[in-house]
Each structure stands twice: as structure tokens, then as C-alpha cells.
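For the sequence shown, position 28 (counting from the first letter as 1) is numbered 328 according to this note's numbering, and the numbering increases by one without interruption. Every residue gets a Cβ at the ideal spot worked out from N, C-alpha and C, and that includes glycine. Single-structure report; data block below.
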Amino acid sequence: MGEMKNQKNEIWVGTDKFVPFLSEEEIQKRIAELGKQISEEYKAKLPIFIGVLNGSFMFMADLLKNITINCEMDFFKLSSYGDEKISSGKVKMVKDLNADINDRHLIIVEDIIDTGLSINYIEQLIKEHTPASMKVVTLLVKPESLKYEVKIDYIGFKIPNKFVIGYGLDYAQKYRNLSSIYVLSE
301 MGEMKNQKNE
311 IWVGTDKFVP
321 FLSEEEIQKR
331 IAELGKQISE
341 EYKAKLPIFI
351 GVLNGSFMFM
361 ADLLKNITIN
371 CEMDFFKLSS
381 YGDEKISSGK
391 VKMVKDLNAD
401 INDRHLIIVE
411 DIIDTGLSIN
421 YIEQLIKEHT
431 PASMKVVTLL
441 VKPESLKYEV
451 KIDYIGFKIP
461 NKFVIGYGLD
471 YAQKYRNLSS
481 IYVLSE
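Right, here's the structure in full:
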């Protein structure tokens with residue numbers, strides 16, 4: 301796969317056409333709102349933001365730019381999707397946390413919550429520790445795809461059950477570098 305063909309803001313990935321879904325401006329405006337809300341709710345605390353790699357890296361960077369209180373950060377790296385458009389249904393830990401999360405206020409940062417599998421897996425891992433609190437922030441959630449009962453505390457956008465790329469979201473590890481989000485066209 302070489303360059304992406306881009307015509308009239310469409311992106312072609314092989315025979316799949318992706319069209320604009322959320323603009324860079326819409327994304328940044330919503331992240332600023334989330335940053336303000338989280339900063340107000342945690343102003344007397346020192347939260348640790350825990351990004352779920354690879355997808356959350358762009359969202360987490362922009363979210364932290366909008367956090368106005370002291371905070372720390374760390375990352376999990378999980379593997380569940382492989383190179384397909386659908387989840388394998390299995391999750392494995394690729395990189396664990398470096399930080400001690402006992403008695404800490406954790407904010408798990410996800411790019412997208414689809415079935416809830418990854419967040420469910422993280423919740424089970426966190427139960428082995430004793431954090432002071434744990435909340436989840438996600439840029440995107442697909443409510444109709446959820447298969448696990450997970451509590452999501454901060455949501456950027458609720459989206460339909462469609463395949464999206466860009467702004468950290470990949471197709472076979474590519475297209476994460478797009479500043480907007482594109483959706484697979486019907």
C-alpha cells in the first residue's frame with residue numbers, strides 16, 4: 301500500500317472509500333470542552349492519565365494540552381484488532397504501566413470504545429491494584445456495538461456502528477496520521 305488517493309476529501313483504501321466524518325475543528329472544539337470539564341473535576345487532585353496505545357496517542361496529546369491542572373501520564377499497549385476491520389475478540393497486554401497506580405486517581409484514555417472489550421480487560425487489570433478512583437474518557441463510542449457493560453465517564457462523540465479511520469484510528473496500522481476522522485462509505 302503506497303500513497304492514499306485523495307479526491308474531493310475522499311480517501312480510497314484499495315476499493316474502500318472513506319468520506320469526511322468529523323473535522324479537525326469539531327474534534328479540537330470537543331477536546332477543549334472535555335479538558336475544561338476534567339480540569340474542574342480534578343482540581344484538588346493529581347490525576348494520572350493512562351493512554352491505551354496505539355490509537356489514543358493523538359487524542360491524549362491534545363487532551364493533555366487542554367488540561368490546566370498538574371497531572372501525570374502513562375500508557376498501556378494492548379493488542380486486539382490485528383489488521384482487520386473487526387476485532388479478534390481477544391486482548392493481550394503488549395506494554396504494562398510503569399507508574400504505581402495504588403491510591404492514585406486514574407483517567408483511562410481511549411480513542412474509541414467499540415465492543416468495550418479493551419476497557420473491560422483494563423478494568424480487570426486495575427482491580428489487581430487499589431487506585432483511589434478510575435474514570436474513562438474516550439473520543440468516540442459506538443453505543444450499538446457495546447457487548448460489555450462498561451462505565452464511560454467522558455465521551456467526545458457517540459457514533460454509529462461504522463468503520464472509522466484517522467486521528468489515531470487505523471486501518472492495518474495506517475491512516476492514524478490524518479487530522480480528521482473519516483468513515484467508510486456505504
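Taking C-alpha positions only, V394 is separated from V319 by approximately 32 Å.
Here the alpha carbons of N461 and T438 stand approximately 15 Å from one another. Taking the Cα positions, E449 is about 8 Å away from N420. Note on G314: under 16 other CB atoms within 10 angstroms of its CB, so exposed under the neighbour-count rule. Note on geometry: alpha-carbon atoms of A332 and E341 lie some 14 Å from one another.
In this structure, M434 is the residue among V483, M434, T415 with its C-alpha nearest to the C-alpha of I338. In the structure shown, E486 falls within a coil segment according to DSSP collapsed to helix, strand and coil. A straight line joining the alpha-carbon of G466 with that of S479 spans about 6 Å. DSSP links S433 through a beta bridge to H405.
Under the three-state reduction of DSSP, G355 is assigned to coil, being neither helix nor strand.
The C-alpha of L378 is placed about 22 Å away from the C-alpha of F457. Secondary structure in the region 438–486: the beta strand (DSSP E) runs of 3 residues or longer, each lying completely within the stretch, are 454–458, 481–484 in chain order.
Nearest in C-alpha terms to I452, of all of S485, S418, T430, is S418. Per DSSP, reduced to three states, the secondary structure at L346 is coil, with no helix or strand assignment.
For L406 and I348, the gap between their C-alpha atoms comes out near 5 Å. Residue burial is scored here from C-beta neighbours: S356 has at least 16 other C-beta atoms within 10 angstroms and is therefore classed as buried.
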